[in-house]
Amino acid sequence: MKIAVIGAGKWGSAIYDALSVNNSCLITSFHQKAVPNFVNIKEALECEFLVFALSTQGIRSYLRENFENKKQKILIASKGIETNTCQFLDEIFLEFVDKEQICVLSGPSFASEVMQKLPCALVINAYNQQNAKEFASFFPNYIKTYVGDDVRGAEICGAYKNVLAIASGVCDGLSLGNNARASLISRGLIEMHRFGKFFGAKEETFLGLSGAGDLFLTASSTLSRNYRVGLDLAKNKPLSEILKGLGEVAEGVQTAFAINTLAKKHKIYTPIVHEVVLMLEGKKAQECLVDLMLPKEIS
Numbered sequence: 001m002k003i004a005v006i007g008a009g010k011w012g013s014a015i016y017d018a019l020s021v022n023n024s025c026l027i028t029s030f031h032q033k034a035v036p037n038f039v040n041i042k043e044a045l046e047c048e049f050l051v052f053a054l055s056t057q058g059i060r061s062y063l064r065e066n067f068e069n070k071k072q073k074i075l076i077a078s079k080g081i082e083t084n085t086c087q088f089l090d091e092i093f094l095e096f097v098d099k100e101q102i103c104v105l106s107g108p109s110f111a112s113e114v115m116q117k118l119p120c121a122l123v124i125n126a127y128n129q130q131n132a133k134e135f136a137s138f139f140p141n142y143i144k145t146y147v148g149d150d151v152r153g154a155e156i157c158g159a160y161k162n163v164l165a166i167a168s169g170v171c172d173g174l175s176l177g178n179n180a181r182a183s184l185i186s187r188g189l190i191e192m193h194r195f196g197k198f199f200g201a202k203e204e205t206f207l208g209l210s211g212a213g214d215l216f217l218t219a220s221s222t223l224s225r226n227y228r229v230g231l232d233l234a235k236n237k238p239l240s241e242i243l244k245g246l247g248e249v250a251e252g253v254q255t256a257f258a259i260n261t262l263a264k265k266h267k268i269y270t271p272i273v274h275e276v277v278l279m280l281e282g283k284k285a286q287e288c289l290v291d292l293m294l295p296k297e298i299s
């Protein structure tokens with residue numbers, strides 16, 4: 001019984017390293033990597049358990065070009081929303097697999113610390129609880145795994161927190177202080193919950209590891225590439241320059257546009273995401289701050 005990780009970036013490599021502690025595990029990606037048990041795409045997709053850690057915006061084309069449904073059990077470790085369709089990750093996968101095959105991994109977890117085997121806790125949400133429990137059993141003892149059934153809530157938390165991390169990076173880049181960052185993150189959590197509630201997410205998901213836990217982590221550390229994007233936006237650097245200097249995919253950038261589109265379509269109040277999008281389009285960070293600070297009724 002083999003597990004394959006699809007995607008050998010930092011996050012995929014960290015998951016592969018963790019799963020390899022107690023299991024026979026393979027890894028693959030678009031480009032050859034000098035790591036043990038690296039195989040071609042075809043061989044990896046023959047495994048019974050597949051963990052997808054690809055960039056969100058490339059998942060649909062990857063599945064279309066390579067995937068054949070053989071009833072594999074799938075753990076989605078990617079985080080984001082597809083920009084051009086505004087679809088959630090499970091919606092993309094449902095075009096290729098059955099609902100019962102899908103699980104979603106979430107929770108506070110920087111790849112570098114997982115590679116160091118530092119302790120953390122993650123959640124596996126699934127439509128089929130038995131599949132979630134099987135995936136949970138594969139993780140080593142320095143990763144505590146919980147099982148849940150709120151797939152959509154976990155996906156929204158994982159996507160939304162990256163956008164809020166950009167906003168938090170802007171806040172710190174402008175040297176607004178700890179009070180401002182705490183205010184931003186707490187209001188961001190309310191905003192994330194408001195958005196998720198519209199799509200049927202469960203209340204407790206936003207208070208747990210997938211929501212508050214991952215948000216607090218990602219919105220407060222330079223280990224987060226999205227947070228680093230915010231630091232540079234505070235300097236009013238153009239987005240193209242920021243992304244070139246980053247050298248990695250910051251999922252929050254494209255996800256911000258997707259959330260903003262969905263929020264407008266469904267009339268969901270998302271002021272922080274709205275201002276992040278305007279900054280990504282060139283609005284000065286100080287102007288966004290002024291607009292966010294205008295008096296509003298608490299909701």
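The opening position of the sequence shown corresponds to residue 1 in full-length UniProt numbering, with each subsequent residue numbered one higher. Here a beta-carbon is modelled for each residue, glycine too, at the ideal position from N, C-alpha and C.
Pair within 8 angstroms by beta-carbon distance, residue i and residue j
i, j, result
"V229", "G247", "no"
"K2", "L26", "yes"
"F52", "A77", "yes"
"L189", "L209", "no"
"Q101", "I74", "yes"
"A285", "L174", "yes"
"F96", "F67", "yes"
"A159", "G80", "yes"
"L155", "D98", "The residue you asked about is not Leu; residue 155 is Glu in the sequence shown. Taking 8 angstroms as the Cβ cut-off, E155 and D98 do not qualify as a contacting pair."
"A263", "C86", "no"
"R194", "Y269", "yes"
Of the residues the options, the one placed nearest residue i, counting alpha carbons only
i, options, result
"T255", "S55, V5, F38, K33", "S55"
"E65", "I156, K42, K79, Q72", "K42"
"N125", "L118, S168, D149, N131", "D149"
"G245", "P119, R225, L289, I81", "R225"
"L184", "V170, G196, K197", "V170"
"I272", "F198, Y127, M192", "M192"
"F38", "A180, V5, A18, S221", "V5"
"E203", "V151, L243, K71", "V151"
"M279", "L292, A136, A154, L50", "L292"
"N40", "T28, Q116, A34", "T28"
"E46", "K70, L164, N178", "K70"
"L122", "G213, N131, Q130, E91", "G213"
"Q32", "G7, L262, D17", "G7"
"G12", "M115, A234, I92, Q72", "M115"
"F198", "K267, T83, A234", "K267"
"residue 303", "T261, L207, V277", "The chain is shown only over 1 to 299; residue 303 falls outside these bounds and no answer can be derived."
CB-CB length for residue i against residue j, believed under 8 angstroms
i, j, result
"T218", "G211", "T218 to G211, Cβ: 11 angstroms. No contact."
"P108", "Y142", "P108 to Y142, Cβ: 14 angstroms. No contact."
"S112", "L223", "6 angstroms"
"F135", "C157", "The pair is not a contact, with the Cβ atoms about 18 angstroms apart (cut-off 8 angstroms)."
Spatial neighbours of residue i in its chain, beta-carbon cut-off 7 angstroms, leaving aside the 5 residues before and after
i, result
"S168", "R181, L184, I185, A219, S220, Y227, G230"
"Y16", "V5, C25, I27"
"V249", "S55"
Nonlocal neighbours in the same chain, by C-beta distance under 8 angstroms from residue i, ignoring five residues either side
i, result
"F138", "I3, L19, N22, N23, F49"
"E275", "A167, K283, C288, D291, L292"
Neighbourhood of residue i by C-beta, 6 angstroms cutoff - its chain only, sequence neighbours within 5 removed
i, result
"L233", "V170, M279, A285"
Residue i beta carbon near the ligand MN (any heavy atom closer than 7 angstroms)
i, result
"N260", "Looking for the ligand MN in the displayed structure turns up nothing, as the structure carries no ligands at all."
### Query
Can you list, in chain order, the stretches of the beta strand (DSSP E) that have 3 or more residues and sit fully within the segment 13-89?
25-28, 49-52, 73-76
### alpha helix (DSSP H) runs contained entirely in the segment 176-212, provided each spans 4 or more residues
Counting only runs of 4 or more, we get 178-198, 203-207.
#### Entry: Length at least 3, wholly inside the segment 104-187: the beta strand (DSSP E) runs in chain order
120-126, 143-148
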